[in-house]
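Engineer:
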Amino acid sequence: MQADDRLDAIRGRIAHAAKLARRDAAAITLIAVSKTHPADAIEPLLAAGHRDFGENRVQEAEAKWPALREKYPDARLHLIGQLQSNKASDAVAMADAIHAVDRSSLITALARAMDAQDRRPACFIQVNIGEEAQKGGCAIADLPVLLAEARSADLPVAGLMCLPPVEVEAAPYFALLAKLARDEGIGGLSMGMSDDFETAVMIGATHVRIGSALFGARA
Ligand SMILES: *Cc1c(COP(=O)(O)O)cnc(C)c1O
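Sequential numbering of the sequence shown, starting at 6, is according to our numbering.
This is how it looks when you write it as structure tokens:
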């Protein structure tokens, strides 16, 4: 199957999950995670009208996207991977959304870059929802303070983001992220990947990040 056929199939599955949950599928953004895949693999999706893409490394995005954007200026780029503070300025320059804002030092660096460039990509605060030592994201207990910092630094906070533990049922973690967002009065929920996006949609995801189900397995 071609990537654009897969795209139709995944859109259908999102629509079905949204319908079961009595949600409007139009309120759910499908982010096509194109990390590791070359421009040749991305272009058919752009040609088919898809506009939201995810990359996890700034350098890789800088190598691939300027040329693609020349042809498709309305493409939107979501940076979904862990971000080093020294890449904040590059991230602000190219991203439409940044999904892994998870600590004070990064908030400071992003705020400085946004002020300097007068450009404000949407920000998602990443929460370490399974409290895993090896994962990025802020501790659940630190979320209120981090959110206050982000808001007072004028970061446009669009939502919360998580990567639940692998190989266990994701639903309880999605539900917890949704509860945290509700408690904090936040609308956006960036959660759900190739293996669990329908579950995420049923629990309220507004942004699903889908790579391998669209592009095939990564090398
Ligand atoms: C790679 C990646 C995805 C996509 O994962 P798939 O399982 O290939 O759909 C989603 N989110 C983040 C943060 C990623 O790094």
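We treat Cβ as the ideally placed atom computed from N, Cα and C, and that holds for glycine.
In chain order, what are the residues with a CB under 5 Å from some non-hydrogen atom of ligand 1?
Structural biologist: Output, sorted by chain position: Val38, Asn61, Ile85, Met198, Ser199, Arg214, Ile215, Gly216, Ser217.
Engineer: Which word fits His292, buried or exposed, when buried means at least 16 other C-beta atoms lie within 10 angstroms of its C-beta?
Structural biologist: The chain is shown only over 6 to 224; residue 292 falls outside these bounds and no answer can be derived.
Engineer: For a test of the three-state rule: what should DSSP assign to Val38, helix, strand or coil?
Structural biologist: The answer is strand: DSSP assigns Val38 an E or B state.
Engineer: In terms of alpha-carbon separation, which member of Pro170, Glu65, Asp188, Ala66 lies closest to Met198?
Structural biologist: It is Pro170 whose Cα lies nearest to the Cα of Met198.
Engineer: Answer yes if the stretch 53-70 comes into contact with the stretch 23-33, meaning at least three C-beta pairs across the two stretches below 8 Å, and no otherwise.
Structural biologist: No: the two stretches stay apart, fewer than three of their Cβ pairs being nearer than 8 Å.
Engineer: Which one or two residues does DSSP pair with Phe58 in a beta bridge?
Structural biologist: Per DSSP, Ala37, Leu82.
Engineer: Out of curiosity, what's the CA-to-CA distance linking Leu25 and Arg56?
Structural biologist: Leu25 and Arg56: Cα-Cα distance of roughly 25 Å.
Engineer: Pick from Leu219, Arg223, Ala222, Ala163: whose alpha carbon is nearest that of Ala210?
Structural biologist: Minimum Cα distance to Ala210 is reached at Ala163.
Engineer: How far does the alpha helix (DSSP H) with Ser195 in it reach, from first residue to last?
Structural biologist: Here Ser195 belongs to no alpha helix (DSSP H); instead the beta strand (DSSP E) covers 193-195.
Engineer: Residues in its own chain within less than 7 Å of His42 by CB, not counting five upstream and five downstream?
Structural biologist: Only Phe220 meet the Cβ criterion.
Engineer: Specify the secondary structure class of Ile215 as computed by DSSP and reduced to three states.
Structural biologist: Correct three-state label for Ile215: strand.
Engineer: Mapping DSSP to helix, strand and coil, what is Leu4?
Structural biologist: This structure does not reach residue 4, given that the chain is present from 6 up to 224, and the question cannot be answered.
Engineer: Helix or strand or just coil, what does DSSP make of Gly141?
Structural biologist: Coil.
Engineer: For the beta strand (DSSP E) containing Leu165, name the first residue and the last one.
Structural biologist: Element bounds for Leu165: 162-166.
Engineer: Is the beta carbon of Gly59 sitting closer than 9 Å to the one on Leu88?
Structural biologist: Cβ atoms of Gly59 and Leu88: not closer than 9 Å.
Engineer: Using the three-state DSSP reduction, which class does Ala175 fall into: helix, strand or coil?
Structural biologist: It is coil, neither helix nor strand.
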